[in-house]
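The numbering of the sequence shown is my numbering, which starts it at -5 and goes up by one.
Read the structure below first, then the notes.
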Amino acid sequence: MDGRRSHKSHKQALRIRNDHPNQYDESHLKFKRQNITDTLNYPYMAAVIINGRLWCAGAIVDVNWVVTAAHCLNYVLQVSALKSLKNYVKLRVGSALPHEGGVLVDVEGVVRHPKFEEEPVPHADVALLKLSTNLEFTPHVSLIKIYEGTKEPYAQSFVTVSGWGAVKGTDTAFREHTPSLLSARLKIRSHRYCVDAFQLVSGLQITRDFFCASLRNGTRDACLFDAGAPAVQKNRLMGIMSFGPENCGDEHQPAVFIKAFYFRDFVKHTISSYKTTADLIEAMKEVEPELNEKEEYPKDVRIKPQDLPNDII
């Protein structure tokens, strides 16, 4: 998958994602989103920019770390000519606009969850991006704390999802992300509802590391370019967007988020283990010895499962 939310057509989406966005029509706002917003309301938001294009969303979780969906990095990590990650991946923070304002920061490191799998359904779909410099926190730039509770997200409660996703659920959405940050309140669905929604229609098995959220009438939803978008409840990060149905706003299939409960220890361990880019490079040398002789920064960092605490999935 690339940044597209649909699980079925990710290969097609990968080919189209570098096209220029079409003109945005504000009349479509209410189709997938509720509110135009800004970074004063959501200072933890980060736009993931790959090859100069908006690719996904992310959330600031530390002074120089952003969490997003692991599959968002598939494209850039598969580019054979990749020599320096920061030439391809950047983050814009402190701005409601993905391509101007705020601060544009280079990404120097990528750490994907060691158990990340894309097929048949994304599993452990979470990654951390290490920034080249520490962020200066302001009213427009700040971190979001990850939910520390032991209880599952409560069905029928609401989460706020923010991002720059498309506002149409049709194929034209491949070329249309919103020019400004938007948000929507989505209702968390029961696990049974989520399982039935995808198994009956798509045959996909939804496991316990996910939760689903939507509105039954399909008027608000997460969409294309929303992968990695944070789902927040009571000022805590409850999950990040992973995937969803083929058509955004499908009232029968909700958006799917990986639960914070399943990735928070991975985040803590990674941030504490890799304080510098040099630390990441050393980890890469051990995981992929064939990259030892490369002068440029390696493509990807994978922490080995045996290096993680036992309570990380």
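Every residue, glycine too, gets a C-beta built ideally from N, C-alpha and C.
Bridge partner(s) assigned by DSSP for Arg202: Answer is none; Arg202 lacks a bridge partner.
Pro248 versus Phe255 - alpha carbon distance: Just so you know, the alpha carbons of Pro248 and Phe255 end up roughly 20 Å apart.
Other residues of its chain near Phe152: CB distance less than 6 Å, five sequence neighbours each side excluded: Here the set comprises Arg179, Lys181.
Given 8 Å, three or more beta-carbon pairs between the region 50 to 59 and the region 127 to 145: A contact exists between the region 50 to 59 and the region 127 to 145.
Beta-bridge pairing of Pro224 - partner residues as DSSP gives them: Ile234, per the DSSP bridge assignment.
Rounded separation between His146 and Gln72 - CA only: One detail in the question is off: residue 146 reads as Glu in this sequence, not His. Straight-line Cα distance between these residues: approximately 35 Å.
Residues near Ser89 by beta carbon distance below 7 Å, same chain, minus five either side: Beyond the five residues adjoining it in sequence on each side, Ser89 comes within less than 7 Å, by CB distance, of Thr33, Gly95, Gly96 in the same chain, given in chain order.
Distance between Phe257 and Asn286 (C-alpha atoms, nearest Å): Caution applies to Asn286, whose pLDDT of 42 falls short of 50 and renders its modelled position unreliable; the value that the coordinates give is listed next. Across the structure, Asn286 and Phe257 are spaced so that their CA atoms are roughly 29 Å apart.
Cβ-based burial, Glu102 [other Cβ within 10 Å; buried from 16]: Using a 10 angstroms sphere on the CB of Glu102, the tally of other CB atoms reaches 16 or more, which defines it as buried.
Whole-Å CB distance - Val60 paired with Ala40, under 8 Å assumed: With 8 Å as the limit, Val60 and Ala40 qualify as a contact, their Cβ atoms being about 5 Å apart.
Any non-hydrogen atom of the ligand GDP closer than 6 Å to Leu180 Cβ: Here there are no bound small molecules, and the ligand GDP is not part of this structure.
Nearest candidate by alpha-carbon position, reference Val189, set Val115, Val135, Trp49, Leu123: It is Val115 whose Cα lies nearest to the Cα of Val189.
First and last residue of the uninterrupted alpha helix (DSSP H) at Phe260: Counting along the chain, the alpha helix (DSSP H) containing Phe260 begins and ends at 254 to 267.
Beta-carbon proximity of Leu98 to Arg106, cut-off 7 Å: No.
Terminal residues of the alpha helix (DSSP H) in which Leu71 lies: Start and end: 68 to 72.
Spatial distance of Phe321 from Met235 (CA atoms): No statement about residue 321 is possible, as the shown extent of the chain runs from -5 to 307 and does not include it.
Proximity below 7 Å, CB of Asn253 to CB of Asp203: Here residue 253 is Lys; the residue named in the question, Asn, does not match the sequence. With respect to the 7 Å criterion, Lys253 and Asp203 are classified as neighbours on the basis of their beta carbons.
DSSP state of Asp273 mapped onto helix, strand, coil: DSSP places Asp273 within a helical segment (H, G or I) once states are collapsed to three.
Residues bridged to Thr132 (per DSSP): Looking at the DSSP output, Thr132 bridges to Val135.
Exposure of Thr62, with buried meaning 16 or more beta-carbon neighbours within 10 Å: That one is buried.
Reduced DSSP category for Phe315 - H, G, I as helix; E, B as strand; rest coil: No answer is possible for residue 315: it lies beyond the span of the chain, which begins at -5 and ends at 307.
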